[in-house]
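Peer 1: Take the sequence shown: its letters are residues 1278 to 1374, numbered as in my numbering.
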Amino acid sequence: MVLEVALIDVTPGQEDDFADAYGKARPILADTPGCRSVRMTRGVESPSRFVLLVEWDSVEAHTDNFRATDRFGQWRGLIGPYFAGPPVVEHFTDVPA
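(1) Could you tell me if PHE1343 is buried or exposed, where buried requires 16 or more neighbouring beta carbons within 10 angstroms of its beta carbon?
(2) Please report the straight-line C-alpha distance between GLY1350 and PRO1373, rounded to a whole angstrom.
(3) Strictly by DSSP, which residues pair up with SER1253?
(4) Considering just the uninterrupted stretch of the alpha helix (DSSP H) at ALA1302, what are its terminal residues?
(5) Alpha carbons only, please: which of VAL1279, MET1278 and ILE1285 is nearest the one belonging to ALA1361?
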C-alpha cells in the first residue's frame, strides 16, 4: 500500500466552491481500481490549503489506473479551476513499528 499526499492551495475566496467541486469529483477518484480510500482535509491555520490523502494498492495503481486515464481529466476539470498553483504530490509507505 502507498499513500498519495497532495498539497493543494486554493485561490483565496474560492474554498467553499472547491469543497463543493471535490464532493462531485470524489467518486471519480474513489471508484478507480486500486484505490483503497480517499480523504480531503482543510487547514485550520491556512484555510486555503487542503491536503488530499489517497491510499492506493501501489504507485502504479495511481499512475496507470488514474493519472493515465480519462478519470484524471474529469477529476482535474472539476477541481482544477480552483487551484492557486500546481499541487505538490508525493507517495509514501509506512515505516515498520
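Each residue gets a CB set at the ideal place from its N, CA and C atoms; glycine is no exception.
Peer 2: Taking the geometry as given:
(1) Residue mapping note: residue 1343 aligns to position 66 of the sequence shown, counting from 1. Flag for PHE1343 reads buried.
(2) The residue given as residue 1350 occupies position 73 in the sequence shown. The residue given as residue 1373 occupies position 96 in the sequence shown. Their backbone Cα atoms lie some 35 angstroms apart in a straight line.
(3) Only positions 1278 to 1374 of the chain appear in the structure, and residue 1253 is not among them; the question remains open.
(4) Translated into positions along the sequence shown, residue 1302 becomes position 25. Run containing ALA1302: 1292-1307, per the alpha helix (DSSP H) assignment.
(5) Within the sequence shown, numbered from 1, the residue matching residue 1361 stands at position 84. ALA1361 has its Cα closest to that of ILE1285, out of VAL1279, MET1278 and ILE1285.
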